[in-house]
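Read the structure below first, then the notes.
Residue numbers (my numbering): 1 to 761.
Structure, rendered in structure tokens:
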């Protein structure tokens, strides 16, 4: 063993300064396999092995991650393939439920009915849309810019579907844990509005996508945006930008400012919640976000942005609540009888003058505001009609926004003494004259005693004085003389349409009528005896100007003789000059009659000039009494205020007809009936002016003498509607349009409204 160890040759490496063997080999001291160094050598080899192992581990880890990523990408690709197949299957499945694409078409927009005044000013829009369609390049450019900026910034670059926006919405919905964003483009929104229900289902979403692609294929971007802006809902019942602009700002979409456009665009997210009518603060905050979006997209400059922020949009507070809406409602009621079903946008030119309409509304509201609480008056109505039958103004109540019930055309109320002109007209036609004398004294008709207002009696009076002072006893006597049937016939002939009770109490206006029909029945007194058809509509055209209906005028039949008109005008002038309507007088020849129903439940004044006939009513819907309000008070005041303004700058014209009053010392009275009228009255004298013995030598009370009017030359109505028909012949040609007799359909029997029943009026 010793020899073998001694004979072993140790290796040697060149360059080592350490031990060398005789054969020239050498090793470093730490590499020698000697007992004292084995442990350290083992450690060295172990460290190197570990180092090599770690390197191989890192390589294996890298190869493992790469494999996982590769497998993940593979399976994602596979899933995408299968997902695409599944999506295609869903599209095919739900698409198969839809009609063939060849049958698809954009549905017609709900027709808009634009109602304008006699001079073309907008009164109202009616129809499901609430506003006319406006071309994209006609409306304010701020509107489409604002909508695109806040709703669909990539509208002009996507193909109907926005994958980026859709992905963003999906992420937001996943992170939020609920459906908060739809990711729909404007095209998709239009598709939903045109064809689909608002349900949030997979089927509806698939159909929405298909329809959006179809819209993009069929229409240009501008056409799609125009359709969207004219159909989308903006809240408060407004569909389309024109309706919304009118509703919120009282102006056309053509005139909308930057700040107003921002407010409109902001409403699209939540029209009802963000409506400025409901939450002005929320609407303004949303508008500020729209302005910021417009600045980010480069649609407006920093200067425009700051200017718009400093001058936010101001909402028109009561655009859709004005009294002109009473006119619009009446027009809509008449429309079907004129043109049938409305299938497209139309324009209705009315006879209403918006300036007069505003004057009428102001006069009614001012008096109720000032005296309503003190006198227990809550409602009023006013109708003004020119000589041709054209309605120039109509107010149906104190406030349209709180009550759309039209008291002017629908409320049937007792006219009181405002009905007496038909009694006196029947008496004049039976041979009486304004100078005929009757005894104003308490009279008993069966069990009824028609007392004078205030209980005052005047003894022997002329009919002119009796009408001017509105003496009930004389009116009752005349009704007994001529018969209630004659009074009813005269009233219907003049224009009253309501059913009238032919009894003696009709003399005091106990049968109900509407303000519109009572006012229209006074028109023949103003125009010389002719009954025109009362109308609101002058012309109806399509949006392109095609005439669908036009009121070309016509002949108004004579319903009362010229001499009777002259006598009636002479008598009713006294009502304004010295009688119960002195508060109505102004610097025009005018006439009329006051009326007050029992317990002051209704107060009236209907009066006229040669230009306009205007009726005013005040009362309460529930029929409760006012506090001693008579026709000569609030109604006469409102009439005066309206008529003074309406006649400003209009040349003064006399009332038609003539009547030469008999001097007081030569009056020959008719036979005066007994104060006890329980027996049939004596027959009237055979001819006007027939001598009858005077009942007494008591002095006769007469209305003051007035200047004798000369007979007017025959004339026709002028272009302004302020003329008067000729006094000759049985009919008068009226140049101002009068519709045919069947305008508005056949005459319908008027029914008592629920308000009349509840109010007892």
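Think of the CB as a built atom: it goes at the ideal place given N, C-alpha and C, for glycine as much as any other residue.
Query raised in the report: Should residue 593 go down as buried or exposed, given a rule of 16 or more other Cβ atoms within 10 Å for buried?
Result: Stepping through the chain shown from its first residue, residue 593 is reached at position 593. Flag for residue 593 reads buried.
Query raised in the report: Sorted by chain position, which residues of the same chain lie with C-beta nearer than 7 Å to residue 395's C-beta, five sequence neighbours on each side aside?
Result: Against the chain shown, residue 395 aligns to sequence position 395. So the qualifying residues of the chain are 323, 326, 360, 361, 364, 381, 382 and 408.
**Report entry** Expected contact under 8 Å - CB spacing of residue 247 and residue 259 to nearest Å
**Finding:** As a first step, residue 247 is located in the chain shown; it is residue number 247 there, counting from the start. As a first step, residue 259 is located in the chain shown; it is residue number 259 there, counting from the start. Not really, about 17 Å apart at Cβ, beyond 8 Å.
Requested in this report: Quick one: give me the first and last residue of the beta strand (DSSP E) that residue 520 is part of.
Outcome: Within the chain shown, residue 520 is the residue found at index 520, counting from 1. Not the beta strand (DSSP E): residue 520 falls in the alpha helix (DSSP H), residues 515-527.
Report task. Please look up how many angstroms separate the CB atoms of residue 488 and residue 500, rounded, as I've assumed it's under 8 Å. Result -> Walking along the chain shown from the start, residue 488 turns up at place 488. Walking along the chain shown from the start, residue 500 turns up at place 500. Between residue 500 and residue 488 the Cβ distance is about 5 Å, and since that is below 8 Å, they are a contact.
**Report entry** Of the listed residues 524, 538 and 146, nearest to residue 391 (C-alpha basis)
**Finding:** Position 391 of the chain shown holds residue 391. Of the candidates 524, 538 and 146, the one whose C-alpha sits nearest the C-alpha of residue 391 is 538.
**Report entry** Same chain only: Cβ atoms within 7 Å of residue 517, ignoring 5 sequence neighbours per side
**Finding:** As a working mapping, residue 517 is identified with position 517 in the chain shown. Closer than 7 Å at the Cβ level, and outside the excluded window around residue 517, lie 495, 496, 497 and 498.
Report task. Express the C-alpha separation of residue 570 and residue 655 in angstroms, rounding to a whole number. Result -> Here residue 655 refers to the residue found at position 655 of the chain shown. Here residue 570 refers to the residue found at position 570 of the chain shown. If you take the alpha carbons of residue 655 and residue 570, they lie about 9 Å apart.
Requested in this report: Assign residue 301 to one of two classes, buried (16 or more other C-beta atoms within 10 Å of its C-beta) or exposed (fewer than that).
Outcome: Along the chain shown, read from residue 1 onward, the residue named residue 301 stands at position 301. Its Cβ having fewer than 16 others within 10 Å, residue 301 is exposed.
Report task. Name the residue from 555, 328 and 367 whose alpha carbon lies nearest to the alpha carbon of residue 350. Result -> Walking along the chain shown from the start, residue 350 turns up at place 350. Of the listed residues, the one whose Cα sits closest to residue 350 is 328.
**Report entry** Straight-line Cα distance separating residue 297 from residue 309
**Finding:** The residue given as residue 309 occupies position 309 in the chain shown. The residue given as residue 297 occupies position 297 in the chain shown. Taking the straight line joining both Cα atoms gives about 17 Å.
**Report entry** residue 476 - containing beta strand (DSSP E), residue span
**Finding:** One-based indexing of the chain shown puts residue 476 at position 476. Element bounds for residue 476: not the beta strand (DSSP E) but the alpha helix (DSSP H), 472-482.
Query raised in the report: How is residue 454 classed by DSSP in three states: helix, strand or coil?
Result: As a first step, residue 454 must be located in the chain shown, where it is residue number 454. Assignment of residue 454 by DSSP, reduced to helix, strand and coil, places it in the helix class.
**Report entry** Backbone CA spacing between residue 453 and residue 470 [nearest angstrom]
**Finding:** Locating residue 453 in the chain shown gives position 453, counting from the first residue. Locating residue 470 in the chain shown gives position 470, counting from the first residue. In a straight line, the C-alpha of residue 453 is about 8 Å away from that of residue 470.
Requested in this report: Give every residue of the same chain whose Cβ lies closer than 6 Å to the Cβ of residue 580, excluding the five residues on either side of it in the sequence, and list them in chain order.
Outcome: Within the chain shown, the letter at position 580 stands for residue 580. If we look at residue 580 and ignore the five residues flanking it on each side, its Cβ neighbours are 470, 594 and 632.
Query raised in the report: Using DSSP with H/G/I as helix, E/B as strand and the rest coil, what is residue 158?
Result: Translated into positions along the chain shown, residue 158 becomes position 158. It is coil, neither helix nor strand.
Query raised in the report: Cβ atoms of residue 384 and residue 519: under 9 Å apart, would you say?
Result: Translated into positions along the chain shown, residue 519 becomes position 519. Translated into positions along the chain shown, residue 384 becomes position 384. Their beta carbons are under 9 Å apart, which means residue 519 touches residue 384 by this criterion.
Query raised in the report: Taking residue 626 as the reference, which of 378, 443 and 546 has the closest Cα?
Result: Mapped onto the chain shown, residue 626 falls at position 626. The residue with the shortest Cα to Cα distance from residue 626 is 378.
Query raised in the report: In whole angstroms, what separates the C-alpha of residue 504 from that of residue 475?
Result: Taking the chain shown and counting its residues from 1, one reaches residue 504 at position 504. Taking the chain shown and counting its residues from 1, one reaches residue 475 at position 475. Distance between the alpha carbons of residue 504 and residue 475 is about 9 Å.
Report task. Give, in chain order, every unbroken run of the alpha helix (DSSP H) that is at least 4 residues long and sits entirely within the stretch 528-573. Result -> none
Report task. Would you identify the three-state DSSP class for residue 395, choosing helix, strand or coil? Result -> In the chain shown, the residue the question calls residue 395 occupies position 395. Judged by DSSP in its simplified three-state form, residue 395 adopts strand.
Query raised in the report: Any idea what DSSP makes of residue 83, helix, strand or coil?
Result: On the chain shown, residue 83 is found 83 positions in, with the first residue counted as 1. Note: residue 83 maps to helix in three-state DSSP.
Query raised in the report: From residue 105 to residue 219, what distance separates their C-alpha atoms?
Result: By 1-based counting over the chain shown, the position of residue 105 is 105. By 1-based counting over the chain shown, the position of residue 219 is 219. Their Cα atoms are separated by approximately 11 Å.
Query raised in the report: If we count the other Cβ atoms within 10 Å of its Cβ and call it buried at 16 or more, is residue 434 buried or exposed?
Result: By 1-based counting over the chain shown, the position of residue 434 is 434. It counts as buried.
Query raised in the report: Which of helix, strand or coil does DSSP assign to residue 200?
Result: Sequence index remark: in the chain shown, residue 200 carries index 200 (1-based). It is coil, neither helix nor strand.
Query raised in the report: The alpha helix (DSSP H) spanning residue 349 covers which residue range?
Result: Residue mapping note: residue 349 aligns to position 349 of the chain shown, counting from 1. Looking at the DSSP string, residue 349 is not in any alpha helix (DSSP H); the run it does join, the beta strand (DSSP E), is 346-350.
Query - Closest by C-alpha distance to residue 493, when choosing among 521, 540, 650 and 634 - result: The residue given as residue 493 occupies position 493 in the chain shown. Cα-wise, what sits closest to residue 493 is 521.
Requested in this report: With 9 Å as the threshold, decide whether the Cβ of residue 403 is near any Cβ in chain C.
Outcome: The structure shown contains no chain C, having only a single protein chain.
Query raised in the report: Is residue 574 closer than 9 Å to residue 468 when the C-beta atoms are compared?
Result: In the chain shown, counting from the first residue as 1, residue 468 sits at position 468. In the chain shown, counting from the first residue as 1, residue 574 sits at position 574. In this structure, residue 468 places its C-beta atom within 9 Å of the C-beta atom of residue 574.
Requested in this report: Return helix, strand or coil for residue 263, following the three-state DSSP convention.
Outcome: The residue labelled residue 263 in the question sits at position 263 within the chain shown. In this structure, residue 263 counts as helix in the three-state DSSP scheme.
Query raised in the report: What three-state label does DSSP hand residue 241 in the structure shown?
Result: Against the chain shown, residue 241 aligns to sequence position 241. Helix at residue 241.
Query raised in the report: Between which two residues does the alpha helix (DSSP H) harbouring residue 125 extend?
Result: As a working note, residue 125 is residue 125 in the chain shown. Not the alpha helix (DSSP H): residue 125 falls in the beta strand (DSSP E), residues 122-126.
Query raised in the report: Is it the case that the Cβ atoms of residue 657 and residue 533 are separated by a distance below 9 Å?
Result: Here residue 657 corresponds to residue number 657 of the chain shown, with the count starting at 1. Here residue 533 corresponds to residue number 533 of the chain shown, with the count starting at 1. No. Outside cutoff.
Query raised in the report: When you compare each of 200, 613 and 225 to residue 531 by their alpha carbons, which one comes out closest?
Result: Against the chain shown, residue 531 aligns to sequence position 531. Answer by Cα proximity: 613.
Query raised in the report: Going by the beta-carbon positions, is the gap between residue 208 and residue 223 smaller than 9 Å?
Result: Here residue 208 refers to the residue found at position 208 when the chain shown is read from its first residue. Here residue 223 refers to the residue found at position 223 when the chain shown is read from its first residue. Taking a C-beta distance under 9 Å as the contact criterion, residue 208 and residue 223 do not qualify as a contact pair.
Requested in this report: In the DSSP assignment, find the alpha helix (DSSP H) that holds residue 192 and state where it starts and stops.
Outcome: To locate residue 192, count along the chain shown from 1; it is residue 192. Run containing residue 192: 186-195, per the alpha helix (DSSP H) assignment.
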